[in-house]
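This report concerns only the one structure given below.
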């Protein structure tokens, strides 16, 4: 039996911007799958629209490049038809939490056995830098030249209150942590969310690598089955403190 390596999942060379967090997330996904001993034929990946969706061309697996906001329902259908496969959604915050927000909520409610990995960069990068649903109030962009008047949505809190059974967060600047979270999410039976804080070095000059490195912290000895505790951890984000790890399981 041949040993599975990261190269088995490698397709064409990515065309993302130099320094984009997508590079780190892509490597982490391939590394996690290889470490789990999964072959490309064991894995089904559904991609959303956006820069993260371009990974469809760069990852060797059974892949579907979905429509705007429709990656999650496509993945649910994929899993229903192929119970034995590991089904993964790769999407951006704009695609999943914005255009596909309704599907996200109902997938959490149904606790469908899929893993959702979100590239959370707070902008629509492929369309050159409009604010996404997780952008901070006051954010300046092409679509909000005088500052965003809305507050950001809370995807981790929404997932918790709607019934998701695995909720985690990682950072695109920490490859080993991402690999650990992705492996744990895939192994979990039920709806798994890995929200990855991902700098967009081209269109988001505020929330870059240094911004996050000063504000992230790793959860240690967290009682992951306590919903009240999980909500308190999630509320730290309002203070620009970003927890990394399994928040609830």
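Numbering (the numbering used here), first residue to last: 127 to 375. Backbone N, C-alpha and C fix where the C-beta goes; we use that ideal spot for every residue, glycine too.
Ranked by how close their Cα comes to the Cα of residue 130, the residues 164, 286, 149 have 164 in first place. In this structure, residue 154 keeps its C-beta atom at 8 Å or more from the C-beta atom of residue 174.
Just so you know, the alpha carbons of residue 349 and residue 369 end up roughly 14 Å apart. Residue 245 and residue 202 do not touch by the CB rule: their CB atoms are close to 20 Å apart, not below 8 Å.
When DSSP states are grouped into helix, strand and coil, residue 237 belongs to the coil group. Around the beta-carbon of residue 148, 16 or more other beta-carbon atoms lie within 10 Å, marking it buried. Collapsing the DSSP output to three states places residue 296 in a strand. By alpha-carbon distance to residue 144, the top candidate from 357, 353, 325, 340 is 325. Bridge pairing for residue 373: absent [DSSP]. When secondary structure is reduced to three states using DSSP, residue 274 falls in the coil class, being assigned neither helix nor strand.
The C-alpha of residue 182 is placed about 12 Å away from the C-alpha of residue 214.
Residue 302 counts as exposed, since fewer than 16 other beta carbons sit within 10 angstroms of its beta carbon. The three-state reading of DSSP puts residue 330 in coil, since its state is none of H, G, I, E or B. Straight-line spacing of the CA atoms in residue 193 and residue 363 works out to 30 Å. For the segment 163–238, the continuous alpha helix (DSSP H) assignments of 4+ residues that do not extend past its boundaries occur at 197–207, 227–236, in sequence order. Taking a cut-off of 8 Å on C-beta distances, the segment 285–296 does not touch the segment 258–269, as fewer than three cross pairs fall below it.
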